[in-house]
């Protein structure tokens with residue numbers, strides 16, 4: 004799975020949508036990775052698979 008070195012995500016520590024820089028992955032769980040907020044420098048563990056599913060679900064158009 005290709006991913007960039009940074010992404011925009013909501014930081015729960017500074018309560019803003021901020022740029023998050025990639026820090027590293029978890030050894031036994033390739034879907035999870037550590038990211039650090041560029042504003043407050045708070046590190047958070049994100050589930051990349053869940054983020055991808057949410058993005059795909061938001062792209063779907065609702066039919067009336």
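In our numbering, the protein residues as written are 4 to 67. The beta carbon of each residue, even a glycine, is placed where N, CA and C say it ideally should be. The model shown is predicted, which means the values in this text are computed figures rather than measured ones.
Give the DSSP bridge partners of residue i, in chain order.
i: residue 49; result: 36
i: residue 9; result: 24
i: residue 14; result: 19
According to DSSP, is residue i helix, strand or coil?
i: residue 22; result: strand
i: residue 61; result: helix
With a threshold of 8 angstroms between beta carbons, is residue i in contact with chain B?
i: residue 32; result: Note that chain B does not occur in the displayed structure, where there is just one protein chain.
Is residue i near residue j, with beta carbons less than 8 angstroms apart?
i: residue 37; j: residue 48; result: yes
i: residue 45; j: residue 16; result: yes
i: residue 42; j: residue 14; result: yes
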